[in-house]
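Chains as they are written, first to last, in my numbering: chain R, 1 to 274; chain P, 1 to 274.
All C-beta atoms in this analysis are idealised placements derived from N, C-alpha and C, irrespective of residue type, glycine included.
See below for the structure under consideration.
2 protein chains.
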Amino acid sequence: MNFSEKLLRATEKHHSWLCIGLDPDLDPLPLVLKKRSGADAIVEFNRRIIEATQDLVCAYKPNSAFYEALGPHGLEILTRTREVIPREIPVILDAKRGDIANTARKYAQSAFEVYKFDAITVNPYMGWDSIEPFLAYKERAVFLLCRTSNPGARDFQDLNCSGVALYQVVAEKVKEWSRKGAGELALVAGATYPEELQIVREIIGEELMILVPGVGAQEGDLAKAVRSAANSERQRAIINVSRSILYASAEEDFAQAARREAQRLRDEINQCLE
Amino acid sequence: MNFSEKLLRATEKHHSWLCIGLDPDLDPLPLVLKKRSGADAIVEFNRRIIEATQDLVCAYKPNSAFYEALGPHGLEILTRTREVIPREIPVILDAKRGDIANTARKYAQSAFEVYKFDAITVNPYMGWDSIEPFLAYKERAVFLLCRTSNPGARDFQDLNCSGVALYQVVAEKVKEWSRKGAGELALVAGATYPEELQIVREIIGEELMILVPGVGAQEGDLAKAVRSAANSERQRAIINVSRSILYASAEEDFAQAARREAQRLRDEINQCLE
Numbered sequence: 001m002n003f004s005e006k007l008l009r010a011t012e013k014h015h016s017w018l019c020i021g022l023d024p025d026l027d028p029l030p031l032v033l034k035k036r037s038g039a040d041a042i043v044e045f046n047r048r049i050i051e052a053t054q055d056l057v058c059a060y061k062p063n064s065a066f067y068e069a070l071g072p073h074g075l076e077i078l079t080r081t082r083e084v085i086p087r088e089i090p091v092i093l094d095a096k097r098g099d100i101a102n103t104a105r106k107y108a109q110s111a112f113e114v115y116k117f118d119a120i121t122v123n124p125y126m127g128w129d130s131i132e133p134f135l136a137y138k139e140r141a142v143f144l145l146c147r148t149s150n151p152g153a154r155d156f157q158d159l160n161c162s163g164v165a166l167y168q169v170v171a172e173k174v175k176e177w178s179r180k181g182a183g184e185l186a187l188v189a190g191a192t193y194p195e196e197l198q199i200v201r202e203i204i205g206e207e208l209m210i211l212v213p214g215v216g217a218q219e220g221d222l223a224k225a226v227r228s229a230a231n232s233e234r235q236r237a238i239i240n241v242s243r244s245i246l247y248a249s250a251e252e253d254f255a256q257a258a259r260r261e262a263q264r265l266r267d268e269i270n271q272c273l274e
Numbered sequence: 001m002n003f004s005e006k007l008l009r010a011t012e013k014h015h016s017w018l019c020i021g022l023d024p025d026l027d028p029l030p031l032v033l034k035k036r037s038g039a040d041a042i043v044e045f046n047r048r049i050i051e052a053t054q055d056l057v058c059a060y061k062p063n064s065a066f067y068e069a070l071g072p073h074g075l076e077i078l079t080r081t082r083e084v085i086p087r088e089i090p091v092i093l094d095a096k097r098g099d100i101a102n103t104a105r106k107y108a109q110s111a112f113e114v115y116k117f118d119a120i121t122v123n124p125y126m127g128w129d130s131i132e133p134f135l136a137y138k139e140r141a142v143f144l145l146c147r148t149s150n151p152g153a154r155d156f157q158d159l160n161c162s163g164v165a166l167y168q169v170v171a172e173k174v175k176e177w178s179r180k181g182a183g184e185l186a187l188v189a190g191a192t193y194p195e196e197l198q199i200v201r202e203i204i205g206e207e208l209m210i211l212v213p214g215v216g217a218q219e220g221d222l223a224k225a226v227r228s229a230a231n232s233e234r235q236r237a238i239i240n241v242s243r244s245i246l247y248a249s250a251e252e253d254f255a256q257a258a259r260r261e262a263q264r265l266r267d268e269i270n271q272c273l274e
């Protein structure tokens with residue numbers, strides 16, 4: 001089963017385009033877990049978040065940085081987290097990797113063979129041969145950064161390249177390259193820039209997936225973002241939320257609070273798509 | 001001591017602008033080591049390469065991908081490798097990271113606090129707020145990708161942005177931003193494109209360091225690259241070589257062969273700088 005099929009099944013089953021970012025941070029970790037040792041606390045935190053939300057999401061997205069910051073042991077926490085997620089829910093590793101082909105093959109091996117993720121985010125700056133090794137995996141997907149959700153997105157992604165912005169050139173390339181690999185190509189465009197998100201959807205057409213971060217803590221406008229990113233069938237826009245779900249409560253009830261927030265967001269996304 | 005001071009001391013002491021990329025790959029690993037278990041073999045390989053070359057280099061540069069591909073244990077190998085390198089030789093983590101500020105802080109924490117590297121390579125695509133967290137560390141350096149050494153560098157980095165190529169805009173930003181952080185900003189420009197390398201040096205001026213990959217297996221022209229990257233005092237161009245040193249021999253004598261190749265390259269670089 002390819003990535004889109006797996007994702008669409010989860011979407012239909014859970015009636016959801018919500019993806020939860022699993023970015024555990026020791027500082028805002030609920031007090032009830034802080035008594036445990038660091039690693040166990042994080043695995044337990046992730047486990048309870050996943051168990052409380054797994055019937056409400058179309059995907060999960062752990063960001064590698066939060067695990068790497070814990071040293072070698074953090075990658076074991078990532079492995080254990082991956083194992084807790086039900087097999088039928090796709091997991092996107094947010095790693096934003098990119099390197100020359102020989103090295104990109106190692107990153108692809110890590111993400112797809114060692115940790116067995118369904119998809120990975122990749123930075124486009126180094127061009128096609130830095131992306132191709134990830135697309136050699138048939139049932140996996142690559143989400144290329146296009147227009148990111150942060151303020152610095154303006155520094156380079158908006159540069160005028162012979163009449164179109166750099167991020168638009170990236171979107172055009174994603175469309176062109178989407179026919180070249182065995183794996184599936186998709187892209188990342190932030191909720192904080194809904195106009196650009198709409199332009200990106202117009203460029204790439206109906207088929208390709210867009211992963212939309214920036215809702216919640218980053219304060220992107222959910223309704224505008226959902227409508228701009230979805231295709232004409234109101235499909236294929238994966239809305240990622242991390243902090244506002246994970247840290248909905250700092251108390252004993254953090255998992256139930258996360259569930260309530262996830263449910264609210266899922267329903268709001270669905271309303272926007274009606 | 002800041003990064004440049006540390007690097008310049010190693011340069012003077014070893015009369016060298018050569019940096020060795022520590023990118024251990026199980027496939028071309030010398031036969032003599034293959035009998036050991038994977039992890040031990042790689043630590044031993046790195047240890048023998050470092051011991052054989054440490055008086056010939058100005059820096060080492062492990063690429064994170066080669067360690068990540070070995071799973072959580074690979075990061076322990078990276079830690080053990082870091083410990084083998086003498087304290088006075090700077091170590092650049094080649095990780096090409098880049099993410100929103102909140103996440104970039106985690107990557108910076110990983111590179112500088114957990115693994116204690118002296119510098120890291122960072123991808124510029126996401127702009128200033130994705131770079132700033134790395135520059136919060138006073139005695140460390142950030143090497144921003146500018147014009148990379150791979151064929152795909154042309155896909156985006158050469159795009160015409162209102163009269164100048166994208167990589168030139170990045171170089172201009174590196175110069176501008178180099179005054180903004182506590183840490184030191186530098187850049188990466190590949191040996192495979194010497195004309196572009198020269199343009200980059202002209203843009204950034206005399207002070208900033210350039211890390212130059214692409215010599216050796218990637219077949220960049222060493223003489224042209226060295227002369228293009230160095231400033232007018234024939235300084236501040238760090239020439240990185242990985243595979244052609246690491247795998248100079250697949251036999252028992254691999255460390256001596258690596259030493260000979262490193263010595264030859266160091267001397268050739270110095271001749272180009274005379």
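- Between residue 30(R) and the set 253(R), 273(R), 91(R), the nearest pair of CA atoms involves 253(R).
- Closest option to residue 170(P), judged by alpha-carbon separation, among 72(P), 14(P), 188(P), 103(P): 188(P).
- Sequence-distant partners of residue 85(P) (beyond 5 residues in either direction) whose C-beta falls short of 8 Å from its own C-beta, in its chain, are 50, 54, 60, 91.
- With a threshold of 8 Å between beta carbons, residue 156(R) makes contact with chain P.
- Annotated three-state conformation of residue 117(P) is coil, per DSSP.
- Rounded to the nearest angstrom, the gap between the Cα atoms of residue 225(P) and residue 214(P) is 9 Å.
- In terms of Cα proximity to residue 177(R), the closest of 135(R), 211(R), 197(R) is 135(R).
- Along the stretch 36-107 of chain P, the alpha helix (DSSP H) occurs as fully enclosed runs of 4 or more residues at 38-53, 64-68, 72-84, listed in sequence order.
- Only those residues of the stretch 226-253 of chain R whose C-beta falls short of 7 Å from the nearest C-beta of chain P would be listed, and there are none.
- Residues of the stretch 125-152 of chain P with a Cβ closer than 7 Å to any Cβ of chain R, in chain order: 125, 126, 127, 128, 129, 130, 145, 148, 149, 150, 151, 152.
- With respect to the 8 Å criterion, residue 266(P) and residue 231(P) are not classified as neighbours on the basis of their beta carbons.
- With a cutoff of 8 Å on beta-carbon distance, residue 57(R) and residue 262(R) are scored as near each other.
- With contact defined as three or more Cβ pairs closer than 8 Å, the stretch 6-15 of chain R and the stretch 34-49 of chain R are not in contact.
- In the three-state reduction of the DSSP assignment, residue 160(R) falls in the strand class, which pools E and B.
- The beta-carbon distance between residue 249(P) and residue 23(P), rounded to whole angstroms, is 17 Å. This is too long to meet the 8 Å contact definition.
- By the neighbour-count criterion, in which a residue is buried when 16 or more other Cβ atoms sit within 10 angstroms of its Cβ, residue 271(P) is exposed.
- Taking a contact as a CB-CB distance under 8 Å, the pair residue 130(R) and residue 104(R) counts as one, their CB atoms being some 5 Å apart.
- With respect to the 8 Å criterion, residue 160(R) and residue 162(P) are classified as neighbours on the basis of their beta carbons.
- DSSP places residue 240(P) in the uninterrupted beta strand (DSSP E) bounded by 237-241.
- Counting along the chain, the unbroken alpha helix (DSSP H) around residue 200(P) starts and ends at 194-204.
- The C-alpha of residue 26(R) is placed about 11 Å away from the C-alpha of residue 247(R).
- Chain order gives the chain R residues near residue 107(P) as 65, 68, 69, where near means a beta carbon separation below 8 Å.
- Put simply, the backbone Cα of residue 154(P) is about 31 Å away from that of residue 114(R).
- When secondary structure is reduced to three states using DSSP, residue 229(P) falls in the helix class.
- Listed along the chain, the chain P residues whose CB falls inside 9 Å of the CB of residue 222(R) amount to none; the nearest CB is some 18 Å away.
- Counted as a single uninterrupted DSSP element, the beta strand (DSSP E) harbouring residue 184(R) occupies residues 184-189.
- Residue environment: residue 179(R) is assigned as exposed (fewer than 16 neighbouring CB atoms within 10 Å of its CB, all protein chains considered).
- Chain P places a beta carbon closer than 8 Å to that of residue 103(R), counting this residue as a contact.
- Chain order gives no chain R residues near residue 172(P), where near means a beta carbon separation below 8 Å; the closest approach is about 11 Å.
- Chain R places no beta carbon closer than 8 Å to that of residue 194(P), leaving this residue out of the contacts.
- Distances from the CA of residue 235(P) to each of 274(P), 268(P), 216(P), 68(P) were compared; the closest alpha carbon is that of 274(P).
- Contacts with chain R at 8 Å (Cβ-Cβ) include residue 159(P).
- Check the Cα spacing between residue 17(P) and each of 83(P), 82(P), 66(P), 89(P): the tightest is with 89(P).
- Residue 147(R) places its beta carbon 8 Å or farther from that of residue 125(R).
- Residue 19(R) and residue 238(R) do touch by the CB rule: their CB atoms are close to 5 Å apart, below 8 Å.
- Against chain R, the beta carbon of residue 79(P) has neighbours under 7 Å at 72, listed in chain order.
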